[in-house]
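Comments concern the structure below.
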Amino acid sequence: MIKRLWLKYYWLFGYQSRLYDWLTPESYRESMTRTLECIGEEPGAVWLDAGCGSGILIDVGAEKIASSKMIFATDILDSGIRIARRKFFEKGLVEEKILFFRSDLTSPLPIKNESIDIAVAHFSLYTIGDKEERHRALNNICSVLRQGGLCAVVNPSEEYDGRQIIRESLQTSLGVDSKWKHWFKKFVLYRITYSLGLKNIERRLKEGLWKSYSTQELCNEMQSAGFSIIHTEKVYASSGILVLGRLSE
Ligand SMILES: C[S@@+](CC[C@H](N)C(=O)[O-])C[C@H]1O[C@@H](n2cnc3c(N)ncnc32)[C@H](O)[C@@H]1O
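Take the sequence shown: its position 157, counting from 1, is numbered 174 in my numbering, and each next residue is one higher.
If you want it as structure tokens, here you go:
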């Protein structure tokens, strides 16, 4: 019963309590950083953060947002949006730059068609377990992208491995954190990250409730939605696949 409730309210609880941000492993942030690097410099672009959660795009991409024309950030959960909004203002970004709204990606988005230059779906689409619904969500993102627009999708790989994510994150922490912070991450924080977060994700992926991908499979999904693939790479300690596509003109 507790397990079922925990899984049902997984993100809700994580966002509301700020646990999600506290427990985010270093290599997850690196995955978003790498996604933004692959997209490259696009000043003046209009962005869509599809399944924005608590705003990791704002955490690592504040400069990009500052040079963008505007960003639409959406999620099915208000709790994530609330945290993302707070972060946005804490970064000193101007209000006119962003529009947060709650939406279900499996329904058409309340955004003008062909008005987005760059869409990012960072570890969001894979949580839509049903294949048809997941395709619909990608098609809905497609509809609001302009022709020639970019879409970066990051989803778990078939090799998703929570322990490897922790190992790689600790490796990064060695180079950037003080000794005590590294120690705290190693013996306290990341142990909780694994047992409360990554282990659950592993289980859900194994049970097929959420979707893990081979690179080819994710490319195929994006190609059938109308994208030409321009880049693929493994991210997140090889537990994630990043595919960058351009909407064919
Ligand atoms: C793993 S979190 C990722 C959040 C954020 N992109 C990040 O990288 O931290 C997955 C997010 O997808 C959102 N999500 C799941 N299904 C959705 C749907 N049908 N429509 C909109 N958002 C959805 C969840 O609410 C959750 O915030």
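Every residue gets a Cβ at the ideal spot worked out from N, C-alpha and C, and that includes glycine.
- Counting only residues of its own chain and dropping the five nearest sequence neighbours on each side, V252 has a CB closer than 6 Å to the CB of S48, R51 and L259.
- Per DSSP, S245 is one residue of the beta strand (DSSP E) stretching across F244 to V252.
- In this structure A90 is buried. Its beta-carbon is surrounded by 16 or more other beta-carbon atoms within 10 angstroms.
- In this structure, DSSP gives G72 a state outside helix and strand, which the three-state scheme calls coil.
- Each of R102, F140 and K81 was checked against the Cα of Y230, and the nearest Cα belongs to F140.
- In its chain, beyond the 5 residues on either side, A169, H248, L259 and L261 have a beta carbon closer than 7 Å to the beta carbon of C55.
- Cβ contact annotation for I100 (same chain, cutoff 6 Å, sequence separation greater than five): Y32 and S71, in chain order.
- With a cut-off of 7 Å, the C-beta of I246 is classified as distant from ligand 1, since no heavy atom of the ligand falls inside that distance.
- The Cβ atoms of L206 and L40 sit closer than 8 Å to each other.
- Sequence-distant partners of T123 (beyond 5 residues in either direction) whose C-beta falls short of 6 Å from its own C-beta, in its chain, are E150, R153 and A154.
- Contact annotation: L226 and G146 have beta-carbon atoms nearer than 8 Å.
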